[in-house]
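Presented below is the structure to which this report refers.
In the numbering used here, the protein residues as written are 3 to 385.
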């Protein structure tokens, strides 16, 4: 496992270049994804196309999968992409690997009915829900869909959680004398200019989660994210918050010695940086415990509809979910796999320790919180 690169970079010229490169590849594909009179573009299950083998054959004919914002070192995407290609012989083309959830949605809307549009999306939960409401996603239920907890999937399959974790603090123990263990600690003078997020919460799912966690730690709730915004405003005014986006490079250089991020990303830093002499500590703050998952979805107008559906089947398979575990992420099917005896116990034992069972905000609560952040972030100090 290599160092994680946060999925938070803003889409810029990289997207334009990638668009041209992908356009030629998408032009020759069979956009209908049809096989024997059955259309992958409208299939809501593999059975609708005659089963997983028939789906795989249709996907192989398309030959390509267009993806966006999938860093190889994020939740073990490198092994997942390689495993999918090895198993099915389908090339996965990833553009703008360090993009944010909003960048993915923008690529879908700006390239509607174009051959270079992304086939699949990996979105922060709130972004997946808004994309579904905007009619951008295709309903599709993978084989293990029923085993995903109800609160972690759309009832008709337009999105479903795949992997996730808890908001955590990562800390460079060699540059920070005492690592923080609570949101209250972050306000201490010793952390001046040291506390960073890995993106902007109006675009990044992980930064959005950090604000929600701060809200829970400061008297807020799933219905009230304002205390989280107020906390970051206070952190900014104190001089402790730095607007520098946390990445492996900024961590290694000492620019962001404290990073508020998902525990699976911070845990990966611990492993990856060890050989470089960087002592990276990780803690999940108990007073602001917030868990969230990233969701998988299919572009309603995917240029490669069969490959898109096969990709989801692979991600939610036992192989795919255990590969998530090896990347320190908690798979959505973890409970079901425990019961079935198919969970990689060794990988599960290496996850950051957290007590209790997580609660999740509803779709309405997340939507409202997202709207408040969009209106308030950057006002009063935080940026």
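Don't be surprised by glycine CBs; every beta carbon is placed ideally from N, CA and C.
- Task: Report back the beta-carbon spacing between residue 237 and residue 199 to the nearest angstrom; my notes put them in contact at under 8 Å.
- Result: On the chain shown, residue 237 is found 235 positions in, with the first residue counted as 1. On the chain shown, residue 199 is found 197 positions in, with the first residue counted as 1. That pair is no contact at about 10 Å.
- Would you say residue 163 and residue 297 are within 8 Å of each other, going by their C-beta atoms? By one-based count along the chain shown, residue 163 stands at place 161. By one-based count along the chain shown, residue 297 stands at place 295. Yes, Cβ-Cβ distance for residue 163 and residue 297 is below 8 Å.
- Item | Closest by C-alpha distance to residue 109, when choosing among 138, 61, 317 | If you number the chain shown from 1, residue 109 lands on position 107. Answer by Cα proximity: 138.
- Task: Could you round the C-beta distance between residue 323 and residue 128 to whole angstroms and report it? I think they count as a contact, below 8 Å.
- Result: Along the chain shown, one-based indexing puts residue 323 at 321. Along the chain shown, one-based indexing puts residue 128 at 126. The beta-carbon distance between residue 323 and residue 128, rounded to whole angstroms, is 23 Å. This is too long to meet the 8 Å contact definition.
- Put residue 250 into one of helix, strand or coil per three-state DSSP. In the chain shown, counting from the first residue as 1, residue 250 sits at position 248. DSSP, read as helix, strand or coil, puts residue 250 in helix.
- Message: Just to confirm the assignment, what range does the beta strand (DSSP E) spanning residue 374 have?
- Response: The residue labelled residue 374 in the question sits at position 372 within the chain shown. For residue 374, no beta strand (DSSP E) run applies; the uninterrupted alpha helix (DSSP H) run containing it begins and ends at 365-378, by DSSP.
- Message: My output table needs one value for residue 193: the three-state DSSP class, helix, strand or coil.
- Response: Your numbering for residue 193 matches position 191 in the chain shown. DSSP places residue 193 in helix when its eight states are reduced to three.
- Query: Out of curiosity, what's the CA-to-CA distance linking residue 363 and residue 256?
  - Reply: Residue numbering aside, residue 363 sits at position 361 when the chain shown is read from its first letter. Residue numbering aside, residue 256 sits at position 254 when the chain shown is read from its first letter. Near 34 Å, if we compare the C-alpha coordinates of residue 256 and residue 363.
- Contact set for residue 84: own chain, Cβ-Cβ below 6 Å, skip 5 residues either direction: Position 82 of the chain shown, counting from 1, holds the residue named residue 84. Correct list: empty, nothing qualifies.
- Looking only at DSSP bridge pairs, what is residue 262 linked to? As a working note, residue 262 is residue 260 in the chain shown. Residue pairing from DSSP places residue 262 in a beta bridge opposite 171, 199.
- Message: So the candidates are 156, 185, 208; which of them puts its Cα closest to the Cα of residue 366?
- Response: For the purposes of this step, residue 366 is identified with residue 364 of the chain shown, where counting begins at 1. When only C-alpha atoms are compared, the closest one is 156.
- Task: Could you pull out every residue in the same chain whose Cβ sits closer than 8 Å to the Cβ of residue 93, ignoring the five residues on either side in sequence?
- Result: As a first step, residue 93 is located in the chain shown; it is residue number 91 there, counting from the start. So the list reads 65, 66, 67, 87, once near-sequence residues are dropped.
- For residue 226, collect the residues of the same chain with a Cβ closer than 7 Å to its Cβ; drop the 5 residues on either side in sequence, then sort them by chain order. Position 224 of the chain shown, counting from 1, holds the residue named residue 226. For residue 226, where only same-chain residues beyond five positions count, the Cβ hits under 7 Å are 217.
- Message: Using CA atoms only, rank isn't needed, just tell me which of 121, 165, 154 is closest to residue 388.
- Response: Nothing in the structure corresponds to residue 388, since the chain is present only between 3 and 385.
- Query: Shortest alpha-carbon distance to residue 261 belongs to which of 122, 242, 356, 231?
  - Reply: Locating residue 261 in the chain shown gives position 259, where the first residue counts as 1. Distance check between residue 261 and each of 122, 242, 356, 231 places 242 closest, using alpha-carbon atoms only.
- Item | Runs of beta strand (DSSP E) wholly within the stretch 72-131 (minimum 3 residues, chain order) | Positions of the beta strand (DSSP E) runs, each at least 3 residues long and wholly inside the stretch 72-131, are given as 93-97, 122-126 in order along the chain.
- Task: Please name the residue in 111, 196, 107, 212 whose C-alpha comes closest to that of residue 203.
- Result: Walking along the chain shown from the start, residue 203 turns up at place 201. The shortest C-alpha separation from residue 203 is found at 212.
- Message: Within 10 Å of its beta-carbon, does residue 284 have 16 or more other beta-carbons around it, so buried, or fewer, so exposed?
- Response: Along the chain shown, read from residue 1 onward, the residue named residue 284 stands at position 282. Burial call: buried.
- Close Cβ partners of residue 315 (< 8 Å) along its chain, the five nearest in sequence each way excluded: For this step, residue 315 is matched to residue 313 along the chain shown. The residues are 48, 54, 57, 144, 145.
- Item | Buried versus exposed, by CB contacts within 10 Å (16 or more), residue 377 | On the chain shown, residue 377 is found 375 positions in, with the first residue counted as 1. Around the Cβ of residue 377, a 10 Å sphere holds fewer than 16 other Cβ atoms; the residue is exposed.
- Query: When the Cα atoms are used, what is the spatial distance from residue 361 to residue 292?
  - Reply: Against the chain shown, residue 361 aligns to sequence position 359. Against the chain shown, residue 292 aligns to sequence position 290. Roughly 8 Å between the two C-alpha positions.
- Message: Can you list, in chain order, the residues of its chain with a C-beta nearer than 7 Å to that of residue 335? Leave out the 5 residues immediately preceding and following it.
- Response: As a first step, residue 335 is located in the chain shown; it is residue number 333 there, counting from the start. Hits under 7 Å: 146, 149, 150, 318, 323.
- Quick one: which unbroken beta strand (DSSP E) runs of 3-plus residues sit fully inside the stretch 287-338? Chain order, please. As far as the stretch 287-338 is concerned, its whole beta strand (DSSP E) runs of at least 3 residues are 293-300.
- Item | Reference residue 347, options 330, 359, 356, closest by Cα | Here residue 347 corresponds to residue number 345 of the chain shown, with the count starting at 1. Out of 330, 359, 356, the CA that lies nearest to the CA of residue 347 is found in 330.
- How about the stretch 96-106 and the stretch 273-289: do they share at least three Cβ pairs that are nearer than 8 Å? A contact is defined here as three or more CB-CB pairs under 8 Å, and the stretch 96-106 fails this definition with respect to the stretch 273-289.
- Item | Close-in-space but distant-in-sequence residues of the same chain around residue 173 (CB under 6 Å, 5 per side omitted) | Numbered from 1 along the chain shown, position 171 holds the residue referred to as residue 173. Annotation for residue 173: 181, 260, 283 place their beta carbon closer than 6 Å to its own, counting only its chain and skipping 5 residues before and after.
- Message: Applying the 10 Å Cβ sphere with the 16-neighbour rule, what's the burial state of residue 97?
- Response: Along the chain shown, one-based indexing puts residue 97 at 95. Taking all protein chains in view, the Cβ of residue 97 is crowded by 16 or more other Cβ atoms within 10 Å, so the residue is classified as buried.
- Residues near residue 258 in its chain [Cβ-Cβ closer than 7 Å; skip 5 each side]: Start at 1 with the first residue of the chain shown, and residue 258 comes out as number 256. Cβ neighbours of residue 258 beyond the five flanking positions: 198, 244, 246, 248, 252.
- Item | Residues that residue 284 bridges to, as DSSP identifies them | Position 282 of the chain shown holds residue 284. Its beta-bridge partners are 172.
- Task: Kindly list the residues whose CB is nearer than 6 Å to the CB of residue 313, restricted to its own chain and excluding five residues on each side of it in sequence; keep chain order.
- Result: Position 311 of the chain shown, counted from the start, is the residue given in the question as residue 313. Result list for residue 313: 67, 122, in chain order.
- Task: Determine the contact status of residue 126 and residue 219, defining contact as a CB-CB distance below 8 Å.
- Result: Position 124 of the chain shown holds residue 126. Position 217 of the chain shown holds residue 219. Taking 8 Å as the Cβ cut-off, residue 126 and residue 219 do not qualify as a contacting pair.
- Query: Would you call residue 221 buried or exposed, if buried means 16 or more other Cβ atoms sit within 10 Å of its Cβ?
  - Reply: In the chain shown, residue 221 corresponds to position 219, counting from 1. With a 10 Å radius around the Cβ and a threshold of 16 neighbouring Cβ atoms, residue 221 comes out exposed.
- What is the DSSP secondary structure of residue 230, reduced to helix, strand or coil? Walking along the chain shown from the start, residue 230 turns up at place 228. In the structure shown, residue 230 sits in a helix (DSSP, three-state: H, G or I).
- Excluding the five sequence neighbours on either side, which residues of its own chain have a C-beta within less than 6 Å of the C-beta of residue 45, listed in chain order? Stepping through the chain shown from its first residue, residue 45 is reached at position 43. Within the same chain, Cβ atoms closer than 6 Å to the Cβ of residue 45 are found at 51, the five residues on either side in sequence being excluded.
- Item | Of the listed residues 309, 380, 370, nearest to residue 132 (C-alpha basis) | Sequence index remark: in the chain shown, residue 132 carries index 130 (1-based). Checked all of 309, 380, 370; the closest Cα to residue 132 is 370.
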